[in-house]
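Once you know that position 41 of the sequence shown is 60 in this note's numbering, the rest is easy, because the numbers rise by one and skip nothing. Quick reminder that beta carbons are idealized off the backbone N, C-alpha and C, glycines included.
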Amino acid sequence: MADETQLKRDLWKRMASSPFLMIGLTETGQHSEPLTAQLDEDQVDTIWFFIGKDNRLAKGGKAMAQFVSKGHDYFACLSGTAKVQNDFTMIEKLWSRQVEAWFPGGKNDPNLALLRFDIDSAELWEADMSISGKVKMLFGAKINPSEEGSHAKVGTTAT
């Protein structure tokens with residue numbers, strides 16, 4: 020069973036290899052939408068997204084983001100606040116050819132907005148089930164807590 024610090028490390032490592040999250044504003048009742056996370060190693064508990072100014076997330080507010088790793092063995096639910104912060108230094112730092120594909124006007128595209136998502140709390144799960152747990156699951160036997168994966172509720176994703 021991984022400890023809380025390891026779960027936090029795994030979150031950032033897994034998001035770096037598959038940076039796709041579902042994110043939505045909690046106060047509007049609208050569905051979440053898929054976006055590509057832009058990660059900045061220098062900032063703790065902050066995820067960035069390039070969006071259009073006409074995107075429903077651009078108005079900002081309380082938000083929730085959900086992450087599932089590429090291997091479907093790590094899950095995270097992130098709660099926080101989203102707001103547009105068009106800091107040209109951050110746009111320059113996070114810009115890539117993939118982002119440019121969505122914004123043909125480049126870094127000065129009139130529809131470009133940089134959404135900042137500050138994480139207030141998170142719930143993390145890692146399905147690192149033991150061999151005995153996997154065998155029991157295969158045959159429908161009861162899995163003991165020591166054979167399950169790891170889980171933590173955290174106030175920060177910083178390690």
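Listed as beta-bridge partners of K172 by DSSP are E142. G80 and L44 have their C-alpha atoms some 6 Å from each other. Beyond the five residues adjoining it in sequence on each side, A77 comes within less than 8 Å, by CB distance, of I70, G71, V103, A132 and L134 in the same chain, given in chain order.
By the criterion of at least three beta-carbon pairs nearer than 8 Å, the stretch 84-104 is in contact with the stretch 35-42. Per DSSP, L76 lies in no alpha helix (DSSP H) segment and is marked neither H nor E. Going by DSSP, A120 is part of the alpha helix (DSSP H) stretching over R116 to W121. In the DSSP assignment, A95 falls within the unbroken beta strand (DSSP E) covering Y93 to V103.
For T24, the enclosing alpha helix (DSSP H) covers residues E23 to S36.
Under DSSP, E52 shares a beta bridge with I42.
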